[in-house]
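> Take 1299 as the starting number for the sequence shown in our numbering and just add one per residue. We treat Cβ as the ideally placed atom computed from N, Cα and C, and that holds for glycine. Predicted model only: the values in this text are computed from it and were never measured.
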Amino acid sequence: MAAAGARKYALLSIVAALATIALKLLAWWLTGSVGLLSDALEGTVNLVGATVMLAMLTIAALPPDDEHAYGYSKAEYFASGIEGALILAAAVLIAVTAVERLLHPKPLESLGIGIAVSAVASFINYVVARKLFEAARRYQSVALEADAQHLMTDVWTSAGVIAGVAAVAATGWLVLDPLIALAVAVNIVWTGVKLVRRSAQGLLDRALPAEQLQKLEAALEPFRARGLDFHALRTRQAGARSFVSLHVLVPAKWTVAQGHDMAHEVDGAIRAALPGVSVLTHIEPLGDPASYRDIDLDR
């Protein structure tokens, strides 16, 4: 299952978070920069988020059972939602720290080595983020995608912090350090909001993306050319799993066996277009008024 294969990348994210936190805290300790401290605090969010992601991916990998006939794949949305909430909490903490430093400026020290250490941590995050993006596409994992987006945001955040600290070194304007930290807080708030919103949409059974819907329609078109028709088409995404249900309208004179065979053929075409999808078909006779009264069934 996709969630099972994705777990090793969650472990990679945890290891990377531990390494970058250590490096960023070292950079803060060397320089005293509140900007670098804010960067390290966001790293702790990466660690907690990656740990939660590992737990949720483990749950998502569980097989369906009597109480969860459609499986546990939606657990991935809890991972991205929790990570988004943690990001928002970190933003508040960063802002409070930055305001305190803005009111009581302090000189920075050892800026050169501090910047170098932070840059190494950022490079680690960049490499891991690229691997997580690739894995998210391979396993269709919203949890991995959320963590990859968070890490890539962290890369750009770190770049801003490093630029701010370098600007302090060049100009001596201590106020730049807390101002950069506040900018970091605003930036990660936006990231947190997007992750929470993405999780909420997933839990609300959002339809498949437009690209996949186009593939679905292309798979059905040859059957329409053979005189069949379809309606009551519904799709939904649940973590790495996707579901399609539709009514297949066949000639009224067909036998049950013919309709059954055609439903299997339609099912196979949809699965070929959308690998891993779960398909539910319902056979109805063409031309029967009752077949068209349920187009908006359950809506």
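#1: Any idea what DSSP makes of Val1577, helix, strand or coil?
#2: When we look at the beta-carbon of Arg1495 and count the other beta-carbons within 10 Å, is it buried (16 or more) or exposed?
#3: Measure the Cβ-Cβ separation of Leu1449 and Asn1423 and say whether it is below 8 Å.
#4: Find out if the Cβ-Cβ distance for the pair Lys1354, Ala1441 is shorter than 8 Å.
#5: How big is the Cα-Cα spacing for Ala1434 and Glu1563?
#6: Measure the CB-CB distance between Val1415 and Leu1324 and report whether it falls below 8 Å.
#7: Quick one: what does DSSP say Leu1531 is sitting in, helix, strand or coil?
#8: Under 8 Å: do the region 1499-1513 and the region 1473-1480 share three or more Cβ pairs, one atom per stretch?
#9: On the three-pair Cβ rule with 8 Å, is the region 1546-1558 touching the region 1569-1588?
#10: For Leu1401, count the other beta carbons within 10 Å of its own beta carbon; 16 or more makes it buried, fewer makes it exposed. Which is it?
#11: In the DSSP assignment, find the beta strand (DSSP E) that holds Val1548 and state where it starts and stops.
#12: Once the 5 residues before and after Ile1411 are set aside, which same chain residues still bring their CB inside 7 Å of it?
Taking the coordinates as given:
#1: Locating residue 1577 in the sequence shown gives position 279, counting from the first residue. Reduced to three states, the DSSP call for Val1577 is strand.
#2: On the sequence shown, residue 1495 is found 197 positions in, with the first residue counted as 1. For Arg1495, the number of other beta carbons within 10 angstroms of its own is below 16, and it is reported as exposed.
#3: Reading the sequence shown from its first residue, position 151 is the one you call residue 1449. Reading the sequence shown from its first residue, position 125 is the one you call residue 1423. Yes, Cβ-Cβ distance for Leu1449 and Asn1423 is below 8 Å.
#4: Counted from its first residue, the sequence shown places residue 1354 at position 56. Counted from its first residue, the sequence shown places residue 1441 at position 143. A small correction: the amino acid at residue 1354 is Met; Lys does not occupy that position in the sequence shown. Against a cut-off of 8 Å, the Cβ pair of Ala1441 and Met1354 comes out as a contact.
#5: Counting from one through the sequence shown, the residue named residue 1434 turns up at place 136. Counting from one through the sequence shown, the residue named residue 1563 turns up at place 265. Each residue's Cα considered, the two are about 30 Å apart.
#6: In the sequence shown, residue 1415 corresponds to position 117, counting from 1. In the sequence shown, residue 1324 corresponds to position 26, counting from 1. The answer is yes: Cβ separation under 8 Å.
#7: Position 233 of the sequence shown, counted from the first residue, corresponds to residue 1531. In the three-state reduction of the DSSP assignment, Leu1531 falls in the strand class.
#8: Counting C-beta pairs with one atom in each stretch, the region 1499-1513 and the region 1473-1480 have fewer than three that are closer than 8 Å, which means they do not touch.
#9: Counting Cβ pairs under 8 Å, three or more are found: they touch.
#10: Translated into positions along the sequence shown, residue 1401 becomes position 103. Exposed.
#11: Residue mapping note: residue 1548 aligns to position 250 of the sequence shown, counting from 1. Segment 1539-1548, the beta strand (DSSP E) holding Val1548.
#12: As a working mapping, residue 1411 is identified with position 113 in the sequence shown. Here the set comprises Leu1328.
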